[in-house]
Structures are given as C-alpha cells and as structure tokens.
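What follows is one structure encoded as structure tokens, with my remarks underneath.
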Amino acid sequence: MVKRKKNIQSGMGFILFMAWALCCLGVWEMLLTLLAILIHESGHIIAVILSGGRISHAEADTGGLELRYSGGSMSYAADALLSAAGPAASLFAAILCSTLGKYLEFTGMDFFTGLNLLFFLFNLLPVSVLDGGKIFFAVIASLFGPFAAEKFRIFLDAAIIAALFAGGAAVMFRYPHNPTLLICAVVIADSCCKYNDCGVKLHRK
Amino acid sequence: MPGAVGKFRDSTFKAVMGNVDYKSAVTVLGQAMGGEKKLSEALHEAYMYAFSMSSGEVETSAETKEEPVKKAETALRAVEHTPAADTSGDKTETQKDTAQKKDEAQAQQDDSQAYEEDKKADTVSAFKESQSVYADIALPANVTYEMPKLPADGISPVAGIVSSGFGYREHPSDGQVRFHYGTDIAADRGTVVSAFSDGSVYAVGESSTYGLYVILEHENGMQTMYAHLDETLVSGGETVTKGENIGKVGASGNATGPCLHFEIIEDGMYVNPEYYISW
Chain A
2 MVKRKKNIQS GMGFILFMAW ALCCLGVWEM LLTLLAILIH ESGHIIAVIL SGGRISHAEA
62 DTGGLELRYS GGSMSYAADA LLSAAGPAAS LFAAILCSTL GKYLEFTGMD FFTGLNLLFF
122 LFNLLPVSVL DGGKIFFAVI ASLFGPFAAE KFRIFLDAAI IAALFAGGAA VMFRYPHNPT
182 LLICAVVIAD SCCKYNDCGV KLHRK
Chain B
11 MPGAVGKFRD STFKAVMGNV DYKSAVTVLG QAMGGEKKLS EALHEAYMYA FSMSSGEVET
71 SAETKEEPVK KAETALRAVE HTPAADTSGD KTETQKDTAQ KKDEAQAQQD DSQAYEEDKK
131 ADTVSAFKES QSVYADIALP ANVTYEMPKL PADGISPVAG IVSSGFGYRE HPSDGQVRFH
191 YGTDIAADRG TVVSAFSDGS VYAVGESSTY GLYVILEHEN GMQTMYAHLD ETLVSGGETV
251 TKGENIGKVG ASGNATGPCL HFEIIEDGMY VNPEYYISW
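Chains as they are written, first to last, in the working numbering: chain A, 2 to 206; chain B, 11 to 289.
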C-alpha cells in the first residue's frame, strides 16, 4: 500500500520565480502576483472540494502549483471542469477588479486586473502542463479515446514549445536583451519534461 | 563588498532584462479590461512594453474629440539662473558687517529660492494649461506633468527649435491624438548631439519607431534617451560626461524630418524635458 502523506511543498523554481518577479516588478507587484496565483489555484481547490474530492498534496514550482487530489467524480468532463476552474477564477477576479476599479482608487488595480487576465489567457494555452492542455486532452480523450488524445498532446506540446523557442530567438535577435519569450519557452519545456504536466496535476488515485 | 555585489547585480540585471517593462505591459491589459483603452491598442502597447522599448515607442492613442482640437504650442524655457549674491566688500570689515552681509546673502538666497519656486510653478502651470484641451483623456500611467528635481543639472543635447513638445498632440503622420513621451528638437542633419549630463551608456539600439537611439543612465537611475539619430558615437557601457558628443541628428525611424527626440525618465516617470533644457 502506498502511503501518501498530506503536505505542502515549495520547490526552488517557485522561489526563483518570485525572486525574478521581485526584481522585475517590485515588492508590491510581487505580492499581487502571489495573490493572483493563489486566486487561480483556489479556483482549482474549490472545484475539487465541490466535486467531492480532497487535496492531498500541493507543490509550488517554476511552472505553477501542482495539486494532487483524491476522490470526487471520475470522468473526462470532470477533469475538464476541474482544469477550467483555475482560469475561470482568474477571469472572475479580473472582471471583479476591473469593475471595482471604476469606483475605488487603488494603486495597482489595473496591474492586478491585467495580471489575472494574463493568468486566464496564459493558462488556456493548449500545452499539457497548463490548464488549457488538460481541457484539450479531456475533450479529445472523450471524443477519440485516450491514445489519440495522448498523441495529440505530445504533438501539440512539441509544436508549441518549438514555436516559443523560435519566437524567443526571433525576439532576442530583433530586440537585444529581451529574453521574455525564451524564459516562457524554457519554463514550459522544463515543466513538460519534469512532470509531464503542471498547473493542477489531476491525479486519480 | 556590498557595493560590488550591487554593481554586479545591476549589470547582470541590465544585461538580462534590457529594455522590458512587464509592469506596464500587464497594466495596459488591465486598463483594456476596465474600458480605458481599446483591446487592440492595449495588446499593441503590451507587446511593445514586453518586447521592445518601454518608452515612447508606445504611443497611447485616444478617441478623437468631436470638437476641433486646438493645437497646443508651448515654448518653455528652463528656470533662469539668478545672479549670485554680491559678497564683495571692504577687506577690513567688522564682524558686524560680516554677519550683516551673511544675513543679506541668506535673504537673497531665500529670495532666489522663492523666485525659482515661483518660476517652476509658473512653468508647470503654463504647460498644464497648454494640455488642458486634452483634460478628458487619462494621462498614461508612467507620466507626470510635474517638475521633479533631477539628481543633476543638465544641458540641452542640441541647439534647435522645438518642433514637437511633450504631452498629448496630433501625431504628424496620421493626425491621431497620441501621447508624445519626449520633445522633438529640429536641427540640421548631422548636428552633433551631446549628453544631457554625466552618466554611462545604458543602451545603443535601433527600432522602426525611434530609429537609431542612445540611452544614457545618470545619477540615481535617471535615464535620458536620444532618438532619430543618423549616427551614434558611443557604445554600451561607456562613461560619458555632460556635453560629450554621443551622436548626430538624423531622421531615422518614423521622424518626419531631421530632429532629435529627447526623453527624460526620472524615478520611472516620464517628465517634460523642456522644463530642464534651454536654448
């Protein structure tokens, strides 16, 4: 019997990411970034709980927060909904902040709104480590079966990572000292290689 | 040791991050969500902030006013220098005379400071008045119309005529109202461009909008930018002194004629260069 113990861990990658955010954005913006991450992951956590499951393990690393859950509904539809919960939470936060921003004077409201919007859009990329990839996998698997979905997933991951690296190289050539896209490509490629998925890792036990 | 670590961190950070402004890129997305900007414009600005210069290449656009827009023209001059206090006197003056002269000098200095403050307030007011026709358009997030004290005095980088001032304007290429993050100083092609004040060369580059440009970094992180050059005379990392030649006036990029596009960024905010230069 495999014992899985409840724990919350933070990898070096996550610490490095927050340090990079601190350097590039500043203390206040780093804290807002942390809050936006928590909102996103809270969407997943709430969805897991509402589906009758429970979180057994959480690990923060470069590419995001890896959650393991047990129990709950066992279907591709449930997987898709659980994966969509995170981006939905980010979108909800973005809409809420943009509405509140019209009535409240709050330093960084536009930044926080944009951040949540960015998390929503970025996580919908159809890469297996991100929520969009998981939703895509669940949809394809329900239509054509898991083997076809797996082939699609590998092909799409390779295509998107290659495109990001190519784009990153083009950006570095066009705008010297701009590693933006390259950093994205490295993070996503690293996450894909290390865990085979990231964001919310939905493991059925 | 801490200083060396700080310098290493700064040089590494600059080498890695170059000219990116993620904060502004994310902020404009938020502004689009709140309806302050059109989505297409916000995406364009976010792209420019994240992948290109974080400064004036990003021209925010605003809806054209229904009423005819008055053209705002200003010719601001820097605060004039006041004459130095006259401290010459009899060599055999008494202590009382010395104290009196000190008091007079202090009073004169106080008057000069008050005069300087008044002139500064008048200068800022005049500029704000000239921009009042655009009062219903939100100021970009990283811009101030105030006149903060710069860490060092500077000189005009080139002698010429202001062809396009800082602030909102009708863009010369398409007539759209956009924010102009610097001052365009018209001068003959090939005129030498000088460094505003002591500093080091932060970047030398080229873009479709700015053309050939040089960015200098000065005391306390203040930055100045010189764009639309025909030629640069410095390279990255070099130390420059106030008045040193750094380039030549041209019409590269989207300039409509030979001019120098000059920007000042103090504490992360674009300020009106015309406050600080005179010609």
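By construction, the Cβ of each residue, glycine as well, lies at the ideal position given by its N, Cα and C atoms.
query: Going along the chain, which unbroken runs of the beta strand (DSSP E) with 3 or more residues stay wholly within the segment 205-263 of chain B?
result: 209-217, 221-227, 233-242 and 255-259
query: Looking at the C-beta of B/F189, does it have a partner C-beta in chain A at a distance below 8 Å?
result: no
query: With a cut-off of 8 Å, does the C-beta of A/C185 fall near any C-beta of chain B?
result: no
- prompt: A/G54 to A/L83, Cα distance in whole Å?
  reply: Rounded to whole angstroms, A/G54 to A/L83 spans 11 Å at the Cα level.
Exposure of A/V28, with buried meaning 16 or more beta-carbon neighbours within 10 Å: exposed
query: Sorted by chain position, which residues of the same chain lie with C-beta nearer than 6 Å to B/S207's C-beta, five sequence neighbours on each side aside?
result: A162, G164, H228 and K252
- prompt: On the three-state DSSP scale, how would you describe A/L83?
  reply: helix
query: According to a CB-to-CB cut-off of less than 9 Å, which residues of the segment 124-157 of chain B neighbour chain A?
result: A151
B/T10 at chain A interface by Cβ criterion, 8 Å: Within the shown structure, residues of chain B are numbered from 11 to 289, placing residue 10 of chain B beyond reach of any answer.
- prompt: Sorted by chain position, which residues of the same chain lie with C-beta nearer than 7 Å to A/G102's C-beta, five sequence neighbours on each side aside?
  reply: M110, D111 and T114
field: Rounded separation between B/L270 and B/M232 - CA only
entry: 19 Å
Cβ of B/N43 within 8 Å of any chain A Cβ: Just to set this straight, residue 43 of chain B is Met in the shown sequence, not Asn. Chain A contact via Cβ: present.
message: Give me the DSSP bridge partner(s) of A/M173.
response: According to DSSP, A/M173 bridges with nothing at all.
field: Under 8 Å (Cβ pairs) to chain B, residues found in the segment 106-136 of chain A
entry: M110, D111, F112, F113, T114, G115, L116, L118 and L119
field: Whole-Å CB distance - A/N124 paired with A/A37, under 8 Å assumed
entry: In this structure, A/N124 and A/A37 do not form a Cβ contact; the two beta carbons are roughly 11 Å apart against a cut-off of 8 Å.
task: Rounded to whole angstroms, what's the CA-CA distance from B/T133 to B/E139? Just pull it up for me.
output: 10 Å
query: Can you tell which of B/T219, B/S218 and B/G247 has its C-alpha closest to the C-alpha of B/I225?
result: The residue from B/T219, B/S218 and B/G247 with its alpha-carbon nearest to that of B/I225 is B/G247.
- prompt: Starting from B/Y57 and walking both ways along the alpha helix (DSSP H), at which residues does that stretch end?
  reply: L49 to F61
- prompt: How big is the Cα-Cα spacing for A/L119 and A/V187?
  reply: In this model, A/L119 and A/V187 are separated by some 18 Å (Cα to Cα).
message: Please list, in chain order, the chain B residues whose beta carbon lies closer than 7 Å to that of A/A95.
response: M43
query: Taking a cut of 8 Å between CB atoms, which residues from the segment 30-46 of chain A lie near chain B?
result: E30
field: Residue span of the beta strand (DSSP E) that contains B/L270, given as start and end
entry: C269 to E276
query: Going by the beta-carbon positions, is the gap between A/V172 and B/F61 smaller than 8 Å?
result: The answer is yes: Cβ separation under 8 Å.
- request: Could you tell me which chain A residues have their CB closer than 7 Å to the CB of B/Y32, listed as they occur along the chain?
  value: C25 and L26
Interface positions of the segment 77-96 of chain A facing chain B (Cβ-Cβ less than 8 Å), listed along the chain: A95 and I96
query: Thinking just about the alpha-carbon of each residue, which of A/G146, A/F138 and A/R175 is nearest to the one in A/F156?
result: A/F138
task: Give a yes or no on whether 8 Å exceeds the smallest Cβ distance from B/T37 to chain A.
output: yes
message: Please list the terminal residues of the continuous alpha helix (DSSP H) segment that includes B/S142.
response: Per DSSP, B/S142 belongs to no alpha helix (DSSP H) and is neither H nor E.
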